[in-house]
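Presented below is the structure to which this report refers.
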């Protein structure tokens, strides 16, 4: 992002026109209890300043595969009357809601996993499904705080007081074949709590989220970042690619560049001959591809087993400078633009 202003320990951007909402996971980060995210990285996501590209992992795939099994287990074993998102918005509920089940709320949003009804058919409970290999995090009925806050926020927004955390514990083989996992009393626990009892100050916590929104999101001024936090370091590295603070960031960039250049220089000799030969081959392949063009072709591909060499043909117009000079127009329409060349050399000791 090129319009980032770097200030000591924080950054500033133009206030976002369409910020993302404070979801359950970001809520815990804002309150400082999410081990994977900081207030700064949550702010980066909310303001769309930076967000790490999402890629599925064995953990996310396992969670998505096993979650419906957890719901079926709860229904079967505990006789609960469960409401699924598809029951409310239809099969394409994510498309319908854009991943936000609280569209009426300007600041807070997100998706609950399931809801449960009481004996009168009224919704009174939010169920939050989790999969984990860390049984110790749930020992003696404990709930990781950032998970509990996530579920508590959705219950608070929905207007119910009851939460049931459903946690299934997986082995390495379960992550390899989550489709074979069967929740049961030995590998799955239900941990209930009331929002009013676990968080008697829930309203104040939500007000803290609102204060974060007013202080940081609406102004475009970030909370302080922490270079030692992995998520902050990744965001800062990406942002510094296109935006450099002359006073505080050049030193960090030089340090990183020196490390990379040292590693590359150490291997340069061993790769020099191979790079030279590869260039020769690439030039030959290019000539071969050019020879295969037919009338109307825009590109020719040469396919290998791992790579495809593509030569594209385009047409461009050129200016006859001699004719312009002869007509006395070349100097009139010639502009001068500065150019810059970067060179790197070793420091003499």
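In our numbering, the protein residues as written are 15 to 363.
Ideal Cβ placement from N, Cα and C applies to all residues, glycine included.
Query: Straight-line Cα distance separating residue 243 from residue 276; Result: 26 Å
Query: Beta-carbon proximity of residue 196 to residue 181, cut-off 7 Å; Result: no
Query: Per-residue DSSP class, three states only, for residue 188; Result: helix
Query: Under the three-state DSSP convention, the category residue 122 falls into; Result: strand
Query: Assigned exposure category for residue 261 - 16 Cβ within 10 Å defines buried; Result: Below a pLDDT of 50, predicted positions are generally treated as unreliable, and residue 261, at 49, falls in that range; no measurement from the model is reported.
Query: Own chain partners of residue 114 with C-beta closer than 8 Å, once the 5 adjacent residues on each side are dropped; Result: 35, 123, 124 and 125
Query: Inter-residue Cα distance where the pair is residue 227 and residue 213; Result: 21 Å
Query: Residue 252 versus residue 64: straight-line alpha-carbon distance, rounded; Result: 8 Å
Query: Simplified DSSP state of residue 171, which is helix, strand or coil; Result: helix
Query: Inter-residue Cα distance where the pair is residue 22 and residue 44; Result: 20 Å
Query: Contact the segment 64-75 vs the segment 100-117: 3+ CB pairs below 8 Å; Result: no
Query: Three-state class that DSSP yields for residue 206 in the structure shown; Result: strand
Query: Pick from 134, 271, 131 and 172 that is closest to residue 119, judged by C-alpha positions; Result: 172
Query: Reduced DSSP secondary structure (H/G/I, E/B, other) of residue 127; Result: coil
Query: Span of the beta strand (DSSP E), counted from its first residue to its last, around residue 143; Result: 137-146
Query: Residue 185 to residue 207 span [Cα, whole Å]; Result: 27 Å
Query: Burial state of residue 178 (16 or more Cβ within 10 Å); Result: buried
Query: Which of helix, strand or coil DSSP assigns to residue 317; Result: strand
Query: CB contact flag (residue 33, residue 231, <7 Å); Result: yes
Query: Limits of the unbroken alpha helix (DSSP H) element including residue 385; Result: With the chain covering 15 to 363 only, the question about residue 385 has no answer from this structure.
Query: Classification of residue 295 by the beta-carbon crowding that lies within 10 angstroms, buried from 16 upward; Result: exposed
Query: Counted within 10 angstroms of its Cβ, other Cβ atoms place residue 238 as buried (16 or more) or exposed; Result: exposed
Query: Candidates 199, 283 and 348: closest to residue 91 by CA position; Result: 199
Query: Where residue 187 falls, given that 16 or more other Cβ within 10 Å makes a residue buried; Result: exposed
Query: Contacts around residue 110, its chain only, beta-carbon distance under 6 Å, and the 5 residues preceding and following it disregarded; Result: 103
Query: Extent of the continuous beta strand (DSSP E) to which residue 246 belongs; Result: Not the beta strand (DSSP E): residue 246 falls in the alpha helix (DSSP H), residues 244-254.
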